[in-house]
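A.B. asks: Residue numbers (the working numbering), protein chains in the order written: chain A, 259 to 477; chain B, 176 to 406; chain C, 13 to 268. Glycine included, each C-beta is placed from N, C-alpha and C at the ideal position. All figures in this text were calculated on a predicted structure; none of them were measured in a lab. The structure's right below; bear with me while I get my questions together.
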Amino acid sequence: MEPELLGEYLPVFARAAWLTLWVGLTGIVCAVVVGLACAVVQHFRVPFARQLVSAYIELSRNTPLVVQLFFLYFGLPKLGIVLSSATCAIVGLAFLGGSYMAEAIRSGLEAVDDGQSQSALALGLSRGLTLRHVVLPQAVALAMPAFTANIIFLIKETSVVSIVALPDLMYVAKDLIGTDYNTREALTLLVAFYLVILLPISLGAGKLEKKVRYAAFGS
Amino acid sequence: MPPSGLDVLFQGTNFLRLLGGLWVAARIALISMALSVLLGVPVGVLMTSRNRVIKAVTRVYLEFVRIMPQLVLLFVFYFYVTMILRVNLSGETSAIIIFTVWGTAELADLVRGAITSIPAHQYETGYALGLTPLQVQMHIVLPQSIRRLIPAAVNLVTRMIKTTSLVVLIGVVEVLKVAQQIIDFNRFTYPTASIWVYAVVFALYFITCYPISLLAKGLEKKWALSSQPSH
Amino acid sequence: MGALVPTVSLKDVVKTYSNGHEALRGVSLDVSRSEVVGIVGPSGCGKSTLLRTVNGLEPIQGGSIALDGEIITVPGTSWPAIRAKVGMVFQKYDLFPHLTVMGNLLLAPTKVAKVSKAEARSRALALLERVGLADRADDLPRQLSGGQQQRVAIVRALMMEPEVLLLDEITASLDPEMVREVLDVVLGLARDGMTMLIVTHEMDFARAIADRIIFMDEGKIVEVAPPSRFFTAPESPRAQQFLNTFTFQEVHHHDE
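This is the structure in structure tokens:
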């Protein structure tokens, strides 16, 4: 392995890593919003919207991101909908992640003891206030492990966004393998950068889970 | 009237070719899954070992494989490991090897979880009734572990199938690649083909995975070990 | 004046669950202002369900319920508004674990009654003082014992200044040594004239606090009597049988 090559490639990879992180985090934030909306619709059993949400969740969970992205990037333009590479990647991650986040929040909501909402309702809180002030804060704490697992899962999934021509980590690695044949250096940096991104998140997740759980339940 | 993009699928053997592509993906998934079960069960049992070295080694293996995107693992193996080992492996073989490495880790963790999730008082109750350790394993622990394991393992099958979509990135001719070829070949006769063809690929994946997901969910519900009395 | 219009009035209330189980089969009961009604009966007799119909946690399928003469079991009733006037305390106290004692007490007054935080806070402190927990305002529920948590739950219900209080087996989850401190609080409320419907398994407590005992079985009121008579000379065979389960025959080990 040639150290000077590593040094030469480092800035390229750093830029790509930044893009991977940016797309990943934006996608995750969108996924949380989508997931929360879906979970609330399911929690209140909103007629019609509820069926729509279930259909979306099944579609999203039973198809791969690669296929979703192909459809968004190569299919939709034929309908006159042209999305940029980055938008495609973010929409794809939100579409995929939304269902995972919805399931995490839903199971969190289900895990909150029934007595909690009963007490809140008995005090005169509306269903909306009960959800916001009593059930949701506890549900989020209960959903935390699933939540952090989803975050790691979605950042890993960003590795496929190179197929919509986004110059992320995979993209530059593949590019360097194809053009310079410096396979070893390119792949070393690829693995190293994913470790640098994912390892702290993975380690931090466990601590965060404990902290949130303690804040909510003290155990 | 301009031809609809969907018609392209009914030209010649196009749809059959697409299904053939799906079969390539399914084949990779099925072989990888079978090997993962074969290897994952013993590795999972190994992971419950109290031996520190075994614990550390299996732990590092699990964490590394799970934290790395499968595509990164696939790239490292396909472009690099084959190079230093001086072997010439096809994309499909490389995919099967890497998905097995990944699937084994996932399944082993499920096995470990299923074994360790049995609460200590279940063992104690068994011993208190006079059962031998082997009898406790056979009649108390194993039946409960399997009920927890099977639904999650079935779920892993759908994840495996979805993961096979990655192989298009190392040049395996599977369903997406076939779709691309059909679209490219017909780009002048059917200019809007891509939306239809990709929608069909989307649908094919859904049709393949959804029943398996339903099965997993059904098993989970059926085998839920609920000890809470219902009112 | 209060005697004319009952505070709570149930007429032929029927509760049928979707699985066909009939929890209440035509229950009628008037509770006048400042009255304390003790409801007893074997488990599954419908006594808890009865309480939960009064604040609409269980919708009813027949009959009617009136609060201060106004029928509340009609479509369009704003249950949150009713529930703000009807306090309820549950068996498992169910304090909100993510909020401090003070947070638990302020939630409903500030979000529902829109009372100012300062006003609610001073009211909360006064009530905590009364139940002997003034120094625990900033603790989290998990830092309190079961008995202390249940006292906070009672205060939480009182924060809304309810016209009637529903107590659903509030000592059933407590360790025996903590029952007393909770019941003392309830006795104090009775002395102050709080209207209460109390479902309980503590027969001595029911006897001491209730103006009237309602004995229920299989979704119906079987016997209504003042406690002195109910506990010494119940009329119905089923009440006699029920009260018998609380006494034990002495076992003689040795023939003498």
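#1: Are the C-beta atoms of residue 333 of chain A and some chain C residue less than 9 Å apart?
#2: By Cβ distance below 6 Å, which residues in the same chain neighbour residue 28 of chain C in space, the five residues on each side in sequence not counted?
#3: When you compare each of B:301, B:331, B:330 to residue 317 of chain B by their alpha carbons, which one comes out closest?
#4: Using a Cβ cut-off of 8 Å, pull out every chain C residue sitting near residue 473 of chain A, in sequence order please.
#5: Listing by chain order, which chain A residues have their CB less than 9 Å from the CB of residue 184 of chain B?
#6: Using a Cβ-Cβ distance cut-off of 9 Å, determine whether residue 245 of chain B contacts chain A.
#7: Should residue 296 of chain B be labelled buried (16 or more other beta-carbon atoms within 10 Å of its own) or exposed?
#8: For the alpha helix (DSSP H) containing residue 222 of chain B, name the first residue and the last one.
#9: Compute the Euclidean distance between the alpha carbons of residue 190 of chain B and residue 196 of chain B, then round it to the nearest angstrom.
#10: Who pairs with residue 285 of chain B in a beta bridge, going by DSSP?
#11: In chain A, what lies closer than 7 Å to residue 385 of chain B by C-beta?
#12: Can you name the residues of chain C whose CB is closer than 7 Å to the CB of residue 377 of chain A?
#13: Spell out a yes or no on whether the region 426–436 of chain A and the region 271–278 of chain A are touching, meaning 3 or more CB-CB pairs, one atom from each, closer than 8 Å.
#14: Can you check whether the CB of residue 302 of chain A is closer than 9 Å to the CB of residue 385 of chain A?
#15: Looking at the unbroken alpha helix (DSSP H) that takes in residue 401 of chain A, where does it start and where does it end?
#16: Just verifying my parser: in three-state terms, what is the DSSP assignment at residue 125 of chain C?
#17: Over the uninterrupted alpha helix (DSSP H) stretch that includes residue 251 of chain C, give me the two end residues.
#18: Tell me residue 177 of chain C's beta-bridge partners as DSSP assigns them.
#19: Cβ of residue 414 of chain A within 9 Å of Cβ of residue 456 of chain A?
#20: Considering only the alpha carbon of each residue, which of C:164, C:102, C:263, C:111 lies closest to residue 67 of chain C?
#21: Could you list which residues in chain B have their beta carbon closer than 9 Å to that of residue 450 of chain A, in chain order?
#22: When you compare each of C:77, C:172, C:23 to residue 92 of chain C by their alpha carbons, which one comes out closest?
#23: Give me the chain C residues within the contact set of residue 391 of chain A, using Cβ-Cβ distance strictly less than 9 Å, ordered along the chain.
#24: Locate the alpha helix (DSSP H) running through residue 436 of chain A, then write down its first and last residues.
#25: Which stretch, first to last residue, makes up the beta strand (DSSP E) that contains residue 227 of chain C?
#26: DSSP three-state label for residue 46 of chain C, please.
#27: So, are the CB atoms of residue 435 of chain A and residue 254 of chain B less than 9 Å apart?
#28: On the DSSP letters alone, give me the boundaries of the beta strand (DSSP E) that residue 236 of chain C sits inside.
#29: Answer yes or no: do residue 203 of chain B and residue 376 of chain B have a C-beta to C-beta separation smaller than 9 Å?
#30: Give me, in chain order, the residues of the same chain whose beta-carbon lies closer than 6 Å to that of residue 235 of chain B; leave out the 5 immediate sequence neighbours on both sides.
#31: Leaving out five residues on either side along the sequence, give the residues of the same chain with a beta carbon under 8 Å from the beta carbon of residue 2 of chain C.
#32: Report back the beta-carbon spacing between residue 304 of chain A and residue 347 of chain A to the nearest angstrom; my notes put them in contact at under 8 Å.
#33: For the region 324–337 of chain B, which residues have a beta carbon sitting closer than 7 Å to at least one beta carbon of chain A?
#34: Sorry if obvious, but does the Cβ on residue 254 of chain B come closer than 8 Å to a heavy atom of the ligand GTP?
#35: With a Cβ-Cβ cutoff of 9 Å, do residue 222 of chain B and residue 311 of chain B count as a contact?
#36: Would you mind telling me which residues of chain B sit closer than 7 Å to residue 460 of chain A, beta carbon to beta carbon, in chain order?
C.D. replies: Considering the structure as presented:
#1: no
#2: 34, 73
#3: B:301
#4: 110
#5: In chain order: nothing, as chain A lies at least about 14 Å away.
#6: yes
#7: exposed
#8: 189–222
#9: 10 Å
#10: Note: residue 285 of chain B sits in no beta bridge, so no partner.
#11: 316, 320
#12: 102, 106
#13: yes
#14: yes
#15: 394–415
#16: coil
#17: 249–256
#18: C:99, C:208
#19: yes
#20: C:102
#21: Correct list: empty, because the minimum Cβ distance to chain B is about 11 Å.
#22: C:172
#23: 108, 111, 119, 123
#24: 427–438
#25: 224–229
#26: coil
#27: yes
#28: 232–237
#29: no
#30: none
#31: Nothing can be reported for residue 2 of chain C: it is not among the residues displayed for chain C, which extend from 13 to 268.
#32: Contact doesn't hold; Cβ gap of about 30 Å is too wide.
#33: 333, 337
#34: This structure simply doesn't include the ligand GTP, nor any ligand for that matter.
#35: no
#36: 242
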